[in-house]
Amino acid sequence: MRRVAAVATSALAVLALSAPLAQAAPPEETLRSEAPRDLKIGSAVWGQNELLDYDRKNPTEFQRILAAEFNSVTPENDMKWAEIHPEPGVYDFSGADAVVAFAEANNMEVRGHTLLWHSQNPQWVVDASATWTCEEARAVLEEHITTVVSRYAGQIYEWDVANEIFQDDWDTGGVRLRTEANPFLKACAEDPVALIGDAFRWADAADPEALLFLNDYNAEGINNKTDAYYALVQELLADGVPIDGFGAQGHLSLMYGFDESIQENFERFAALGLKVAITEADVRMPLGEDGEPTAEQIALQAERYDAMLVACLNVPACTSFTVWGFDDGHSWVPGVFPEGYATIMTEEFEKKPAYYALLESLTDATPGKSPRTAPGLNR
Ligand code: XIL
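Per this note's numbering, residue 2 is the first one in the sequence shown, and the count goes up by one each step.
Next comes the structure, spelled out in structure tokens:
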């Protein structure tokens with residue numbers, strides 16, 4: 002009797018255990034689950050706005066999707082000077098800490114952004130820089146880089162050390178280092194390359210593990226600006242500067258053509274021994290009066306996103322592909338450009354064809370099909 006009862010009980014136990022498993026839907030494929038192991042797939046997020054009240058047992062829908070789809074995050078604003086260093090000697094790490102904590106809780110990595118830039122500097126920097134000597138500017142920059150980078154040492158896999166340091170073709174003076182707009186480069190205009198090199202050295206001393214990047218827009222293909230970067234990187238490397246990577250932001254617009262030389266551009270930086278990355282991808286477009294894109298625009302957007310990802314997948318030195326916000330409700334584009342529909346999901350988190358194009362290319366790049374990782378290593 003006892004024996005039979007025991008068998009019956011364990012049979013029931015097996016049933017009870019297996020029934021929910023049999024009914025459970027297979028895990029949903031996400032960008033993150035499909036990405037090759039050696040490529041991080043990221044999104045920008047504004048920690049101050051979206052992550053301060055994060056409760057891992059009760060995430061918002063935005064937070065749930067962010068953690069499900071991505072294994073890398075970039076603080077969209079939280080680590081910029083104006084946010085993190087609002088007054089001399091005063092640091093506010095709240096937003097940046099929230100990003101790093103969210104990443105850790107969800108097994109994601111963090112791209113740091115950014116330490117030397119001409120934009121989003123606090124008023125005190127703008128004011129003080131009017132009279133800075135190069136020595137004074139160097140001291141302020143060194144203190145900032147050392148403080149911020151050492152706070153997150155070991156928690157950041159890539160840092161955009163220098164952002165947008167070259168002007169564009171269409172700026173007065175053409176492509177050259179921003180020794181007017183960037184207050185630090187301006188103070189050290191006699192030898193801006195020395196300051197840039199030291200910015201990398203200070204970051205490296207504070208976190209020797211992080212990969213240290215240059216980063217810029219209009220830097221996808223081979224053009225005057227990326228030629229200037231290519232020359233600068235060689236100069237820095239010859240000087241022994243610890244520079245590890247070149248990031249193309251990837252802010253595209255359907256108003257312009259697409260430069261097909263992105264893979265070739267990545268390959269030439271990789272040949273110098275650098276990592277490369279797409280750091281801020283979005284594809285905006287002018288919208289009709291109804292605020293809606295056309296079917297052609299939607300299809301072309303998917304193509305452009307995918308072309309950036311495929312260039313990255315085809316170059317093993319490409320370490321990360323990051324979108325600058327994943328839904329139109331969190332895109333910087335409206336307000337800045339007379340365009341929209343720039344991200345891979347609508348405001349309601351509905352996935353666009355661009356999302357599915359990325360998912361498909363990531364899936365195709367998994368073991369057996371990908372030159373990036375040896376078969377069998379990926380999962
Ligand atoms: C943008 C942010 O998305 C906005 O929220 C902010 O108001 C301005 O900056 N290149 C960069 C990013 O390197 O830091 C910029 O981010 C977009 C362009």
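A virtual CB, placed ideally from N, CA and C, is assigned to each residue, including glycine.
query	result
Ala182 versus Asn59 - alpha carbon distance	44 Å
Local conformation of Arg285 per DSSP, three classes	strand
Residue nearest to Met109 in terms of C-alpha spacing, selected from Arg152, Pro76, Ala131, Phe94	Pro76
Proximity to Ala131 [Cα-Cα], best of Glu51, Phe185, Arg269, Gly113	Phe185
Any non-hydrogen atom of ligand 1 closer than 7 Å to His114 Cβ	yes
Spatial distance of Trp82 from Ala26 (CA atoms)	45 Å
As assigned by DSSP and simplified to three states, the class of Thr367	coil
Val15 in three-state terms, based on DSSP	With a pLDDT of only 44 at Val15, under 50, the local geometry of the prediction cannot be trusted, and the value read off the model is given with reservation. DSSP places Val15 in helix when its eight states are reduced to three.
Close beta carbons around Met309, own chain, < 6 Å, minus the five adjacent residues each side	Gly251, Ile279, Ala282
Closer than 7 Å: Trp325 CB and nearest ligand 1 heavy atom	yes
Backbone CA spacing between Ala12 and Thr61 [nearest angstrom]	In this prediction, Ala12 scores a pLDDT of 44, lower than 50, which makes its location untrustworthy; the coordinate-derived value is nonetheless stated afterwards. Cα-Cα distance, rounded: 40 Å.
Residue burial classification, Val74 (beta-carbon count within 10 angstroms, cutoff 16)	buried
Spatial neighbours of Asn315 in its chain, beta-carbon cut-off 6 Å, leaving aside the 5 residues before and after	Gln264
Under the three-state DSSP convention, the category Ile263 falls into	helix
Closest by C-alpha distance to Thr227, when choosing among Ala190, Val162, Phe270, Trp203	Phe270
Beta-carbon contacts of Thr320 that lie in its chain and below 6 Å, excluding the five residues immediately before and after	Lys276, Ala278
Closer than 7 Å: Tyr230 CB and nearest ligand 3 heavy atom	Absence of ligand 3 from the depicted structure is noted, with ligand 1 being the only ligands included.
Delimiting residues of the alpha helix (DSSP H) encompassing Ile144	Ile is not the amino acid found at residue 144; the sequence shown has Glu there. Run containing Glu144: 135–152, per the alpha helix (DSSP H) assignment.
C-beta contact flag for Gln302 and Ala355 at 8 Å	yes
N-terminal and C-terminal residue of the alpha helix (DSSP H) that Ser130 is part of	124–130
Whole runs of the alpha helix (DSSP H) within the region 30–80, excluding any shorter than 4 residues	32–35, 48–51, 62–70
Gln121 burial status per 10 Å Cβ neighbour count (16 or more: buried)	exposed
Nearest candidate by alpha-carbon position, reference Phe350, set Gly336, Thr367, His331, Val337	His331
The region 154–163 contacting the region 85–96, beta-carbon criterion three pairs below 8 Å	no
Distance cut-off 7 Å: His331 Cβ against heavy atoms of ligand 1	no
C-beta contact flag for Gly43 and Thr367 at 8 Å	no
Contact set for Lys352: own chain, Cβ-Cβ below 6 Å, skip 5 residues either direction	Met346
heavy atom of ligand 1 below 7 Å from Tyr218 C-beta	yes
Any non-hydrogen atom of ligand 1 within 7 Å of Asn59 CB	no
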